[in-house]
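Worksheet: one structure, shown below.
There are 2 protein chains.
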Amino acid sequence: MNVPDFTHDPERRAWVASANVAGCDFPIQNLPLGVFSRDGEAPRGGVAIGDQVLDLRAALDAGLLSGAAAEAAAGPTLNPLMAMGRAASRELRVAVSELLAEGSGAAGREDILVSMASARMQLPSAIANFSDFMVSRDHSWRLGALKNPQSPLPPAFDSLPVAYHSRASSVRVSGEAVVRPNGQWRKKEGMHFGPTEALDYELELAVWLAGENALGAPVPLSRAQDRLFGYGLLNDWSARDMQMWEMPPLGPFLAKSLSTSVSPWIVTAEAMIPFAIAGRRVAEAEPLLPYLDHPEDRARGGLSIALEVFLLTPPMRAAGHEPARLTATDFAHMAWTPAQMVTHHASNGCNLLPGDLFGSGTCSGPEAGSEACMAEIVLRGPIQLPGGEVRRFLEDGDEVIFRGRAHAEGAVSIGFGECRAEILPAIPWPAE
Amino acid sequence: MNVPDFTHDPERRAWVASANVAGCDFPIQNLPLGVFSRDGEAPRGGVAIGDQVLDLRAALDAGLLSGAAAEAAAGPTLNPLMAMGRAASRELRVAVSELLAEGSGAAGREDILVSMASARMQLPSAIANFSDFMVSRDHSWRLGALKNPQSPLPPAFDSLPVAYHSRASSVRVSGEAVVRPNGQWRKKEGMHFGPTEALDYELELAVWLAGENALGAPVPLSRAQDRLFGYGLLNDWSARDMQMWEMPPLGPFLAKSLSTSVSPWIVTAEAMIPFAIAGRRVAEAEPLLPYLDHPEDRARGGLSIALEVFLLTPPMRAAGHEPARLTATDFAHMAWTPAQMVTHHASNGCNLLPGDLFGSGTCSGPEAGSEACMAEIVLRGPIQLPGGEVRRFLEDGDEVIFRGRAHAEGAVSIGFGECRAEILPAIPWPAE
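Each protein sequence line maps, in turn, to chains A and B. Mapping the first sequence onto the UniProt record's numbering, position 332 (from 1) lands on 332, and the numbers just tick up by one. Mapping the second sequence onto the UniProt record's numbering, position 145 (from 1) lands on 145, and the numbers just tick up by one.
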């Protein structure tokens with residue numbers, strides 16, 4: 001499964017010209033899946049190719065695609081395809097790659113394409129459950145040291161991928177604005193309730209799940225890869241003042257459930273095969289418990305994905321500045337692999353459902369500049385922006401933009417598109 | 001809304017004789033809603049009456065019931081009724097009370113009844129989100145004191161109803177067995193992975209939600225009662241060894257998501273009107289923040305519900321012993337009201353959906369005997385059972401049974417039925 005097939009061939013080109021432009025996020029080697037709608041039409045599945053969306057329903061109706069996998073991907077959510085497991089997304093990838101390749105019989109069939117500019121993207125799945133991990137040692141160390149300088153990491157950090165259950169109902173697709181939440185925390189002068197004064201982003205990888213294990217039935221690490229449908233970008237918006245106050249001992253609650261943004265395109269696990277790297281745990285001192293250790297995961301369980309965060313403020317926008325880069329990091333820094341997250345999560349028998357969402361946790365790296373949230377960046381001092389603005393946390397009107405890109409020697413680089421949202425002012429507390 | 005109507009009249013009797021027996025959980029003053037199926041028939045909505053279930057679909061088809069609320073309650077989940085809000089469940093309660101009353105034109109229509117013995121109960125709603133609170137001061141104090149004897153309560157305990165997001169996919173209806181989970185924790189000799197050695201129950205009230213607020217739109221306390229659909233019993237099974245290890249700093253995770261059991265019958269908020277009591281916070285020293293304070297909630301936001309836990313072990317079963325009572329407590333001890341839970345949860349704009357589930361947290365009281373989980377009880381010493389057995393935590397084959405009953409002067413007492421489950425042995429970790 002880890003040997004790339006012809007769909008990854010660097011010489012392969014699409015008949016959609018924009019997909020062949022160097023640096024394009026969506027060349028024919030990517031083929032990420034999403035759900036889109038257009039002008040009051042029903043939402044349906046699509047594949048990103050260059051600056052176009054392949055309309056799977058249209059391709060099926062035109063007789064250019066067929067099969068259960070394509071049918072399952074063409075509806076208003078990707079859950080049916082996710083329920084079919086990895087084999088189905090492999091089958092679909094091969095079929096779509098052949099359809100879109102230069103020389104295909106479908107070449108020039110503009111009727112099965114929709115321009116991205118006219119497609120309104122939706123959440124790719126009806127998310128039944130959302131679990132958020134914390135697998136960056138650097139993130140955990142920097143923020144942990146504020147409270148426990150002697151012992152910054154959670155006690156279990158090196159023994160298991162630390163995680164908590166988060167809120168599914170408030171996950172939204174990129175582009176939907178985020179309303180600054182009201183919340184409670186203790187100020188010097190006493191208890192306070194009002195708009196958060198410490199709104200932050202957290203740059204995370206979204207992990208989308210395929211298949212299902214029954215309640216009580218775990219997923220051994222040797223089979224966990226089959227549960228990984230694909231990946232995206234995830235902004236785990238965090239209200240730090242509320243979070244610090246509410247966390248002990250049951251963990252983050254309203255500081256996180258205010259909203260979570262995800263990028264609309266799921267880069268499939270199939271597409272990520274060339275970008276697999278060693279699981280990070282090989283070099284660590286403490287031996288892993290056997291259920292979290294497998295040669296395949298050690299060899300190829302990790303992923304190399306360059307991840308960036310940009311900020312655009314209203315004054316920057318007015319002055320014509322480009323978004324300023326606040327974070328440049330890589331998922332390769334993470335201490336645990338996506339497969340280890342699956343196996344640990346299901347190790348108690350917890351049933352993971354098709355379309356369930358994991359967040360990786362904030363993907364900070366060790367270097368200055370790789371801190372993947374503002375709470376970490378400002379440990380080096382306030383953030384200086386073009387035009388002279390200074391930020392410690394997000395202000396109303398700020399727009400946060402995530403980008404991701406995977407590179408590997410001998411492979412065509414692929415992108416994740418964007419995850420972006422603007423901060424809207426808090427809503428006044430309603431009268432009775 | 002807080003003035004009981006004729007449906008609460010203590011003189012009112014049903015034409016279903018078993019409902020009129022003193023001490024029955026389901027007299028005509030109760031009328032809880034659930035979903036049942038029988039012998040391969042499709043699941044559908046029902047109302048408990050005595051030892052029978054009123055089959056709402058059958059009553060509709062027979063022309064004995066009509067209206068949008070009854071139609072919404074007759075399907076495979078109660079979510080459509082829950083989506084209609086409190087007014088719809090009031091309307092349905094009145095119609096069903098008239099249908100089942102002595103002297104009704106429907107009297108003797110056995111064709112719209114199904115015996116409980118032949119009904120297989122289902123989850124009442126498709127649960128999109130499950131949040132678990134911790135609103136017992138006594139529970140929080142006893143367990144908190146083990147770690148922080150100087151300051152046992154969470155810092156925010158008196159300022160907000162502490163809660164965390166829990167796992168929706170593993171919620172199961174009463175009667176479904178619970179598999180002992182595998183998990184990880186640190187033993188004296190080092191890291192360990194295997195079946196939990198500290199499986200516990202937590203006796204909680206289930207709170208089922210009606211209506212919906214859009215993401216970003218809070219629910220002021222004056223309107224929170226309209227979001228309370230009804231109540232049941234909830235067992236928040238907990239693996240204490242795993243929990244202590246995984247909790248810092250993000251809260252409980254796999255120690256809780258192994259399974260959660262709920263009783264099948266939802267006692268509606270309408271049925272609970274006579275059992276309203278003052279919200280507990282009136283007497284406390286620290287003033288409440290205004291968003292969590294309202295005269296109506298102070299006066300009638302609390303609920304008086306006697307709650308009990310019984311244990312039946314395999315040797316007790318073999319010897320013909322009755323289940324032994326481990327806990328006798330009351331929801332009246334809680335420090336926060338269900339309406340305050342709603343308002344706090346939505347105060348950041350989090351969207352609460354119809355059919356969402358809250359757990360109240362372990363309903364411990366102050367007295368010996370009112371501890372609502374084994375971890376608290378054993379602080380007084382091991383649990384002695386009839387026949388000479390001793391327990392600190394649950395063993396395989398143990399059956400845990402929750403019961404609840406509401407009493408008030410001048411009102412007919414109503415019951416919650418049971419929430420019960422047996423512990424099955426852990427599944428051996430799968431070979432590759």
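All C-beta atoms, glycine included, are put in the ideal place defined by N, C-alpha and C. Please read all numbers here as calculations on a predicted model, not as lab measurements.
Would the beta-carbon of residue i fall within 7 Å of that of residue j?
i         : j         : result
Ser-360/B : Phe-133/B : yes
Arg-227/A : Val-342/A : yes
Val-114/A : Val-53/A  : yes
Ala-42/A  : Ala-69/A  : no
Asp-200/B : Cys-373/B : yes
Met-121/A : Gly-50/A  : no
Leu-419/A : Ser-174/A : One point to set straight first is that residue 419/A is Cys, not Leu, in the sequence displayed. Yes.
Ala-62/A  : Glu-422/A : no
Arg-44/A  : Ala-119/A : no
Leu-31/A  : Arg-86/A  : no
Ala-210/A : Met-316/A : no
Asn-348/B : Leu-250/A : no
Shorter than 7 Å from the beta carbon of residue i to some beta carbon of chain B?
i         : result
Arg-86/A  : no
Pro-386/A : no
Ser-238/A : no
Pro-220/A : yes
Leu-353/A : yes
Tyr-164/A : yes
Val-173/A : no
Gly-75/A  : no
Gly-251/A : yes
Which value, in whole angstroms, describes the spacing of the CA atoms of residue i and residue j?
i         : j         : result
Ile-414/B : Gly-23/B  : 8 Å
Pro-428/B : Gly-105/A : 52 Å
Ala-431/A : Pro-290/B : 12 Å
Glu-77/A  : Glu-399/A : The sequence shown places Thr at residue 77/A, not Glu. Each residue's alpha carbon lies about 27 Å from the other.
Glu-389/A : Phe-130/A : 35 Å
Arg-186/B : Gly-232/A : 34 Å
Asp-236/B : Ala-128/A : 20 Å
Pro-155/A : Met-191/B : 12 Å
Leu-64/A  : Pro-27/A  : 20 Å
Pro-425/A : Gly-183/A : 14 Å
Ser-97/A  : Ala-306/A : 25 Å
Val-267/A : Ala-332/A : 17 Å
Gly-144/B : Leu-234/B : 22 Å
Met-1/B   : Leu-60/B  : Any answer about Met-1/B is weak, because its pLDDT of 45 lies below 50 and its placement is not dependable; what the coordinates show is given next. About 27 Å.
Trp-208/B : Asp-356/B : 6 Å
Asp-241/A : Leu-353/A : 33 Å
Gly-365/B : Leu-311/B : 19 Å
Pro-124/B : Pro-252/A : 28 Å
Would residue i pass as an interface residue toward chain A - the criterion being a Cβ-Cβ separation below 7 Å?
i         : result
Pro-428/B : no
Arg-137/B : no
Ala-324/B : no
Arg-391/B : no
Ser-257/B : yes
Pro-161/B : no
Ala-168/B : yes
Leu-215/B : yes
Val-179/B : yes
Met-1/B   : Note on Met-1/B: pLDDT 45, under 50, position unreliable in the model; the coordinate value appears next. Judged by the 7 Å Cβ criterion, Met-1/B is not in contact with chain A.
Give the residues of chain B in contact with residue i, contact being defined as C-beta atoms less than 8 Å apart.
i         : result
Leu-78/A  : Ordered by position in chain B, no residue passes the 8 Å Cβ test against Leu-78/A, which lies about 18 Å from the chain.
Pro-155/A : Arg-186, Trp-245, Pro-248
Run down chain A in chain order and give the residues with a C-beta less than 9 Å from the C-beta of residue i.
i         : result
Asn-30/B  : Near Asn-30/B there are no residues of chain A at all, since even the closest Cβ is about 31 Å away, more than 9 Å.
Phe-193/B : Leu-289, Pro-290, Tyr-291, Leu-292, Ser-347
Met-134/B : Pro-249, Leu-250
Quick one: which chain A residues come within Cβ less than 8 Å of residue i?
i         : result
Pro-254/B : The question names Pro, yet the displayed sequence has Leu at residue 254/B. Neighbours of Leu-254/B on chain A, chain order: His-344, His-345, Ser-347, Asn-348, Cys-350.
Gly-183/B : Ser-347, Asn-348
Report the neighbours of residue i on chain A: residues whose CB is nearer than 7 Å to its CB, in chain order.
i         : result
Ala-128/B : Ala-168, Ser-169
Met-374/B : Those do not exist, as Met-374/B stays about 19 Å from chain A at its closest Cβ, beyond 7 Å.
At a CB-CB cut-off below 9 Å, which residues of chain B make contact with residue i?
i             : result
residue 503/A : Outside the displayed span of chain A (1 to 432) sits residue 503/A, for which this structure offers no information.
Met-82/A      : Residues of chain B passing the Cβ test: none, with the nearest at roughly 14 Å.
**Report entry** Start-end ranges of the beta strand (DSSP E) lying completely within the stretch 257 to 311 of chain B, minimum 3 residues
**Finding:** 260 to 262
Query - Minimum length 4: unbroken alpha helix (DSSP H) runs contained in the stretch 135 to 174 of chain A - result: 137 to 147
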